[in-house]
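The structure appears right after this line, and notes come after that.
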Amino acid sequence: MKKHLLLILCFFSCVSAMSQGHKGTTKDCAPMKRGKVCYTDTVEAPGLAKEALFKAIDAWARKNYGKDVFMSNVSSNASKSSILVSSKVELLMDDSTKTLLRYKMYVTCHNEGYTAEVRDIRYQYDAEGDKRFKTYTAEEVIADNGLSNTAASIKDPVLFCNATYFFVESLFADLYAALKEE
7 MKKHLLLILC FFSCVSAMSQ GHKGTTKDCA PMKRGKVCYT DTVEAPGLAK EALFKAIDAW
67 ARKNYGKDVF MSNVSSNASK SSILVSSKVE LLMDDSTKTL LRYKMYVTCH NEGYTAEVRD
127 IRYQYDAEGD KRFKTYTAEE VIADNGLSNT AASIKDPVLF CNATYFFVES LFADLYAALK
187 EE
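Counting from 7, one number per residue, gives the positions in the sequence shown under the working numbering.
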């Protein structure tokens, strides 16, 4: 009986961990806001003041994004309880091409929660593997879930769309986990 109870508790903790940071499906891998690709995560944190949320998220951002100014940057405004992270990562999609994803994450803290938005997304894409990158906005590549791709060198925009979606979901999950650590 104890074994079954433990198994049930493990199952529910896994389900709740998976549900945070995965709030949609890849059927809508490029949400739009005012004509721009914009991923949004609004999180409730009952009992936490915006100052405590700001402090925890700012510490997480500086720890994870404040070390290498060539790769990322963190700006924060305590009076507005807002944090801006600018960064870039490599998306690993296949062996022959290289894709860098540049993005900005805006976090606004309020009493008992925060809202995070990832937008201003750009891809630096090297289709031939010869280090001649071309830059495209997310709107050019993944708008309408990749169906409105206007970048001729990108043959599989749905792959870009899904990779971006899963990266952002992972980023939101990391941000949420930072609060659990505090």
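Note that beta-carbon positions come from the ideal geometry of N, C-alpha and C, so glycine has one too.
To the nearest angstrom, how far is it from the Cα of K140 to the Cα of T103? For the purposes of this step, residue 140 is identified with residue 134 of the sequence shown, where counting begins at 1. For the purposes of this step, residue 103 is identified with residue 97 of the sequence shown, where counting begins at 1. Between K140 and T103, the C-alpha separation is close to 12 Å.
Whole angstroms are fine: how far does the CA of N117 sit from the CA of D180? If you number the sequence shown from 1, residue 180 lands on position 174. If you number the sequence shown from 1, residue 117 lands on position 111. Cα-Cα distance, rounded: 20 Å.
S93 - partner residues in DSSP beta bridges: What you label residue 93 is simply residue 87 of the sequence shown in a count that begins at 1. Per DSSP, S78, Y109.
Between the stretch 110-125 and the stretch 42-56, do three or more beta carbon pairs fall short of 8 Å? yes
Which value, in whole angstroms, describes the spacing of the CA atoms of K86 and A149? If you number the sequence shown from 1, residue 86 lands on position 80. If you number the sequence shown from 1, residue 149 lands on position 143. Going from the Cα of K86 to the Cα of A149 covers about 31 Å.
For P163, does the count of other Cβ atoms within 10 angstroms reach 16, so buried, or fall short, so exposed? Start at 1 with the first residue of the sequence shown, and residue 163 comes out as number 157. So P163 ends up on the buried side.
Where DSSP assigns a beta bridge to V49, which residues make up the other side? One-based indexing of the sequence shown puts residue 49 at position 43. The partner list for V49 (beta bridge, DSSP) reads Y120.
Are the CB atoms of V147 and Y129 within a distance shorter than 8 Å? By 1-based counting over the sequence shown, the position of residue 129 is 123. By 1-based counting over the sequence shown, the position of residue 147 is 141. Yes, they are a contact pair.
According to DSSP, is K267 part of a helix, a strand, or is it coil? Residue 267 lies beyond the residue range present for the chain, which begins at 7 and ends at 188; the question has no answer from this structure.
Since I believe M77 is in contact with K61 (beta carbons under 8 Å), could you give me their beta-carbon distance rounded to a whole number of angstroms? One-based indexing of the sequence shown puts residue 61 at position 55. One-based indexing of the sequence shown puts residue 77 at position 71. Not a contact, Cβ separation roughly 24 Å.
Residue interval of the alpha helix (DSSP H) (run including T143): Residue mapping note: residue 143 aligns to position 137 of the sequence shown, counting from 1. Per DSSP, T143 lies in no alpha helix (DSSP H) segment; the continuous beta strand (DSSP E) that holds it begins and ends at 140-143.
Cβ-Cβ distance between I89 and D64 below 8 Å: Taking the first residue of the sequence shown as position 1, residue 89 is located at position 83. Taking the first residue of the sequence shown as position 1, residue 64 is located at position 58. Yes, these two residues count as a Cβ contact at 8 Å.
Give a yes or no on whether the C-beta atoms belonging to C115 and K56 are separated by under 8 Å. Against the sequence shown, residue 115 aligns to sequence position 109. Against the sequence shown, residue 56 aligns to sequence position 50. Yes, the Cβ-Cβ distance between C115 and K56 is below 8 Å.
To the nearest whole angstrom, what separates the beta carbons of S159 and Y131, a pair I think is in contact under 8 Å? The count along the sequence shown starts at 1 and reaches residue 159 at position 153. The count along the sequence shown starts at 1 and reaches residue 131 at position 125. About 7 Å separates the two Cβ atoms, so the contact holds.
So, using beta-carbon positions, are F173 and L98 closer together than 8 Å? As a working note, residue 173 is residue 167 in the sequence shown. As a working note, residue 98 is residue 92 in the sequence shown. For F173 and L98, no; Cβs fall outside 8 Å.
Among the residues of its own chain, which have a CB less than 6 Å from the CB of N79, if the five just before and after it don't count? Looking up residue 79 in the sequence shown gives position 73. Around N79: S92.
Proximity to R138 [Cα-Cα], best of T105, K110, M111, G53: As a first step, residue 138 must be located in the sequence shown, where it is residue number 132. Out of T105, K110, M111, G53, T105 has the C-alpha closest to the C-alpha of R138.
For the alpha helix (DSSP H) that contains T103, what are its first and last residues? Working through the sequence shown from its first residue, we reach residue 103 at position 97. Here T103 belongs to no alpha helix (DSSP H), and DSSP marks it neither H nor E.
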